[in-house]
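Under our numbering, the sequence shown has 92 at position 49, and the numbering climbs by one with no breaks. Contents: one structure, followed by commentary.
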Amino acid sequence: MRRKLAAGNWKMNGLDENLQEIKTLSEVSNAHDCEVLICPPATLIHSMSRMSNDIAIGGQTCHANTSGAHTGDISAQMLADSGATYVILGHSERRADYNETDADVRAKTKTAWDAGLKVIVCIGESLGEREACNTIDIIGGQLSASVPDNATGENLVIAYEPVWAIGTGLTPTLDQIGEVHDFIRAQLERRFGAGVGRSVRILYGGSMNPKNAADIAQVSNVDGGLVGGASLKAADFSQIITALG
Ligand code: PGA
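The structure is reproduced here in structure tokens:
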């Protein structure tokens, strides 16, 4: 049985005053089987990781190199040192804003694993790609090129995030989500073998909210959610945690 994961991606939101959300989430998290993860901006990782043992904390990116002359960047080891146990890599906003390629994501994933972090690798099609019926090809290509060898159910989580669903209030139909998640599961099993392939969690992300979370959670091979806007307030995110179980 794969344990469900409710992952909150705060993106470039959150100040010291928002740390109180974690206290509320901690109580909710305690009452559920679902693993809860918050990925705040790097400035809050240290404080947040000291506030709760029930909630895992993660970064939102890291550099592919372990250290060196990369002004403004953050290394995987620094994230781990601050108390993070996860990092999100290859988010579509990073791919769009910083031209991150599948090869970059693969390199960063290896570095993050070396630092002991679990990695959430994000993949997803654009609206144009979906309308051209290329979704499965795009997902297959991103999955094989972004994920390094040596993946396990412990060190890897995949997040399927259709780019057109992020922050738009739009979501694919439940059938469309199921089709992509089943395909990702089959690809993972083919590449890594049935044992590992079945143990990697696959999250859905893109306009997940308290209203649609329970339905999405019932779809086959959906092992949780990567939630942006609706993770910022504990009142909303708690409902998603409850919906995921
Ligand atoms: P959203 O973002 O929930 O605000 O659509 C999801 C994400 O980008 O991970």
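Ideal Cβ positions, reconstructed from N, Cα and C, are used throughout, including at glycine.
Going by the CB atoms, is the gap between I283 and A256 shorter than 7 Å?
-> yes
Write down the C-beta distance between R46 and S242 rounded to the nearest angstrom, noting that I regard them as a contact closer than 8 Å.
-> R46 to S242, Cβ: 10 Å. No contact.
Can you list the beta strand (DSSP E) stretches of 3 or more residues lying completely in the region 66-103, in chain order?
-> 78-82 and 98-102
May I ask you to check if the CB of S250 is nearer than 6 Å to at least one heavy atom of the ligand PGA?
-> yes
Is it right to say Y129 is buried, meaning 16 or more other beta carbons lie within 10 angstroms of its own, or is it exposed?
-> buried
Report yes if the CB atom of L68 is closer than 7 Å to the CB atom of G101, and no otherwise.
-> no
Identified DSSP bridge partners for I166 | Y203
Per-residue burial, R244 [other beta carbons within 10 Å of its own, 16 or more giving buried] | buried
Please name the residue or residues paired with K161 in a DSSP beta bridge.
-> Y129
Whole-Å CB distance - V200 paired with K161, under 8 Å assumed = 7 Å
CA nearest to the CA of R173, picked from V223, L58, K254 and L287 = That would be V223, whose Cα lies nearest to the Cα of R173.
Would you list the one or two residues that DSSP bridges to N52?
-> Partner residues in the beta bridge of N52, as assigned by DSSP, are C82.
Taking all protein chains shown into account, decide if Q261 is buried (16 or more other Cβ within 10 angstroms of its Cβ) or exposed.
-> exposed
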